[in-house]
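Each residue of the sequence shown is one higher than the one before, counting from 258 in my numbering. For glycine and all other residues, C-beta sits at the position ideal for the given N, C-alpha and C. Down below is the structure, laid out as structure tokens.
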Amino acid sequence: MTNFTNFRFEVDADGIALATWDMPGRSMNVITPEVMGELEQIIEKVAGDEAIKGCVITSGKEAFSGGADLTMLQGLGAEYGRLAKEKGEEAAMQFFFEESRKLSLLYRRLETSGKPFAAAIHGVCLGGAFELALACHFRVLSDVDSTRVGLPEVKVGLFPGAGGTQRVARLMQTGDALQMLFKGEQIRPLMARNMGLAHAVAPRDQIVQTAKDWIKQGGSAVAPWDQKGYKLPSNKVYSAAGMQIWPPANAIYRRETQDNYPAIRAILESVYQGLQLPMDLALKVESRWFAKILRSKEAAAMIRTLFISMQDLNKGARRPKDVPPTNLKKVGVVGAGFMGASVAYVTANAGLEVVLIDRDMESAEKGKAHSHKLMSDQIMKGRAKTADRDALLARITPSADYGDLKDCDLVIEAVFEDPKVKAEVIQKVEAAIRPDCIFASNTSTLPISGLAQQSKNAGQFIGIHFFSPVEKMMLVEVIMGKETGDKALAAALDYVRLIKKTPIVVNDSRGFFANRCVLAYILEGHLMFTEGLPAAMIEQAGRQAGMPVGPLSLNDEVGVDLGLKILRATKAQLGETAIIPQQEELLTTLVEKEGRLGRKNRKGFYDYPEGGQKHLWLGLKDLQTKHVEPEFVDMQELKQRLLVTQALEAARTFEEGVITDPREADVGSILGFGFAPYTGGALSYIDFMGAKVFVELCKNLQAKHGDRFAPPKILLDMASSGDTFYGRAAGTKKAA
């Protein structure tokens, strides 16, 4: 056996090498410069030793690899900046290009080494790791559901830059390849084999032997595209078949991305150009696009937020360090309606015991049935087995007796959003639970400190705000009341980690963080509508700005009647000046005169015909007292208004101390309400634009549309000093 730090390398009696990737001190293998160096040595050893017939690459961990260490790419960017200052832009760019394509050249060396390489994959194999597998001449995947392959780089603003675009486009039909590359989805074993991305699927304990058998049986050491007479799966780019692909592909790209994602554009260009060239030149084209994208602000923003910051938060960046881990075994959920039933499901799915309480057994059983339905859906899709469903349901105990909460370590109330109802529940729960049990309220708008006044132990009272649908939404807001202690915070964060969601910690405020920004977005859509702008253009502006849906559509989803209720509650508590009358008038007309409540009753700003596609309600125009003709609408300004209003609200929450870490604002804005991911999040949107430019934009919008666009003092100070939110946060940490 040859000793490496990150690989175990051995050759069996048949002359077949086995390279087992197993990085010490890490739960997941990642590609680092050290791994690349050792892999190069392995390739040269296999290629240069006549006694070695071929090599199988596998993993010694529960997963193959998550891909490249993106902090390595961040370091490359920093080195580029240093060289540009010292030696000039051209020298820096040449260095950047050469460094960023090292992995691509290494994989090509493996592919053309003259010896057959096979990848035996169990668990996730993503990004640069899957590009390694694609460079191998044979790929076998284990048949377990946790095994997934894919190229998800687009989700952090990058694209596959180590041969992924070129090899995938030569293994599959071009249209399918583009769809896979655009979406960055993880693919299950059988699907991967059917798509041509894998050659075989085998039981986990047989994948290495299957790969070795392929080598023994004379597996080819020449990739299909390096063989004489190779033809592209979808024929040449400039052919009748090619012309059926590329014009629609460009249209689909624009429809899906609104041209906001340079990395996806680069995929399109890279595949289009690469398919017209021999492989070595095609890989060079891919590398040039990769180097360009790696230097884009979109990639920098998305890597920081969706990889580094999210990883930090998931690992407990905000957890109090001096509180020991919480030993959570049993969780109580009070309220078995849609939200409570979903919380019970994700909790039981994490392996925890759940007591699901409602006013009577029938309601509690109905809440448990929601978990049965969700698991049955998973079984239908082949993602779970009947035994998994039975085990999960066995962990949920429905009850109408609060006394059943006596052994719970954490109780989450998810009852109706009414202070009186919640106060009654708090008293009933606290009469039943242990003194050390943590109490959490799943409230979306009611201040936690106010609810905590009903508690006998405000130090153990905290907010855990889930987003709907709970089983799909990955964000959870953990809300600190004025008296919430570190133990409660640690327990809440430990719980969120167990259910595999991403937490952000926010201080108490009406609407907290996410809802404040969401309501600002919806408000701007309403005001645009009252200005006489066409509803279709308002919605299109939202999508073009990078939001998942327009503001009117989003209002339908949350409920037009709920919006009116929040508006009136705000007016009652804070006075007339806290709301904008035009918005109240619009919502009152929709709800009380027209009976349009949103998707819930199939009519809001949109109509939702049963079995048909939703469409804007034809009567909307009659609600407008003035009309702006489409040709006079400035779409760029509409997009700016819709993003700026959310970013301004995020900045205000930072200024007020509601959110104290820009990482949480950015991650929360993308995961919570889909704030244009290409920007890196609501505060990164300001930082990458620059506070000075952003303040000028705000002042221009304020002059035209009112004081809701007035920049707060924090932004005026940042514009003057040239500071950023991340810079301020770093300064605060150093000072502490």
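When the Cα atoms are used, what is the spatial distance from residue i to residue j?
i	j	result
residue 924	residue 908	14 Å
residue 616	residue 678	12 Å
residue 992	residue 516	Here the model assigns residue 992 a pLDDT of 42, short of 50, so the residue's position is not dependable, and the following value carries that caveat. In a straight line, the C-alpha of residue 992 is about 41 Å away from that of residue 516.
residue 528	residue 294	28 Å
residue 853	residue 847	5 Å
residue 544	residue 558	21 Å
residue 341	residue 635	52 Å
residue 667	residue 657	18 Å
residue 506	residue 926	30 Å
residue 758	residue 571	8 Å
residue 793	residue 857	21 Å
residue 403	residue 382	10 Å
residue 397	residue 308	24 Å
residue 1004	residue 676	No statement about residue 1004 is possible, as the shown extent of the chain runs from 258 to 993 and does not include it.
residue 608	residue 569	24 Å
residue 997	residue 462	An answer regarding residue 997 cannot be provided, because it is not within the stretch 258 to 993 covered by the chain.
residue 623	residue 864	29 Å
residue 542	residue 420	10 Å
residue 648	residue 697	26 Å
residue 790	residue 874	15 Å
residue 772	residue 894	24 Å
From the DSSP secondary-structure annotation, give me the bridge partner or partners of residue i.
i	result
residue 589	612, 668
residue 763	736
residue 695	667
residue 863	873
residue 855	860
residue 376	314, 396
residue 278	264, 316
residue 405	381
residue 259	266
residue 882	Residue 882 is not bridged to any residue.
residue 655	613
residue 547	Its beta-bridge partners do not exist; DSSP assigns none.
residue 273	311
residue 720	698, 736
residue 458	398
By Cβ distance, which residues of its chain are closer than 6 Å to residue i, with the 5 residues on each side in sequence left out?
i	result
residue 354	548
residue 494	532, 533
residue 984	none
residue 589	612, 662, 665, 668
residue 481	487
residue 968	952, 955
Go through its chain and collect everything with a Cβ distance to residue i's Cβ below 8 Å, but skip five positions before and after it.
i	result
residue 709	715, 718, 738, 739, 740, 741
residue 560	327, 330, 331, 413, 414, 415
residue 784	837, 839, 840, 962
residue 315	275, 276, 277, 278, 321, 376, 377, 378, 379, 464, 465, 468
residue 797	807, 892
residue 812	779, 782, 783, 820, 855, 861, 862
residue 646	629, 632, 633, 635, 636
residue 711	679, 680, 683, 684
residue 554	945
residue 1020	Look at the range of the chain in this structure, 258 to 993, and you will see that residue 1020 is not part of it.
residue 845	821
residue 291	262, 263
Please list, in chain order, all residues of the same chain as residue i whose beta carbon is under 7 Å from its beta carbon, the five residues on each side excluded.
i	result
residue 325	287, 288, 384, 385
residue 319	380
residue 900	802, 933, 942
residue 944	981, 982, 983
residue 577	743, 746, 747
Closer than 6 Å to a non-hydrogen atom of the ligand ADP - does that hold for the CB of residue i?
i	result
residue 540	Within the structure as shown, the ligand ADP is missing, as the structure has no ligands at all.
**Item:** Cβ contact (3+ pairs, closer than 8 Å) linking the segment 707-722 and the segment 732-751
**Value:** yes
**Asked** Are three or more beta carbon pairs between the segment 415-429 and the segment 380-400 nearer than 8 Å?
**Response** Pairwise C-beta distances place the segment 415-429 in contact with the segment 380-400, as three or more of them are shorter than 8 Å.
**Item:** Meets three-Cβ-pair contact criterion under 8 Å: the segment 296-316 and the segment 259-279
**Value:** yes
**Message:** As an exercise, report each continuous beta strand (DSSP E) stretch of at least 3 residues that is fully enclosed by the segment 885-913, in chain order.
**Reply:** none
**Prompt:** Can we say the segment 437-456 touches the segment 334-352, given the rule of at least three CB pairs closer than 8 Å?
**Reply:** no
**Prompt:** Do the segment 445-456 and the segment 579-586 meet, that is, are 3 or more Cβ pairs less than 8 Å apart?
**Reply:** no
**Message:** Measuring CB atoms only, is the segment 773-783 touching the segment 808-825, in the sense that at least three cross pairs come out at less than 8 Å?
**Reply:** yes
**Prompt:** Counting Cβ pairs closer than 8 Å, one from the segment 903-922 and one from the segment 759-769, do we hit at least three?
**Reply:** Touching, per the Cβ criterion.
**Request:** Could you pull out every unbroken alpha helix (DSSP H) segment of at least 4 residues lying fully inside the segment 936-978, listed in chain order?
**Result:** Taken in chain order, the whole alpha helix (DSSP H) runs of length 4 or more contained in the segment 936-978 are 939-946, 948-962, 970-978.
**Message:** Give the list of continuous alpha helix (DSSP H) stretches no shorter than 4 residues that lie fully inside the segment 786-849.
**Reply:** Taking only runs of at least 4 residues, the alpha helix (DSSP H) segments lying wholly in the segment 786-849 are 792-802, 808-815, 817-831, 838-845.
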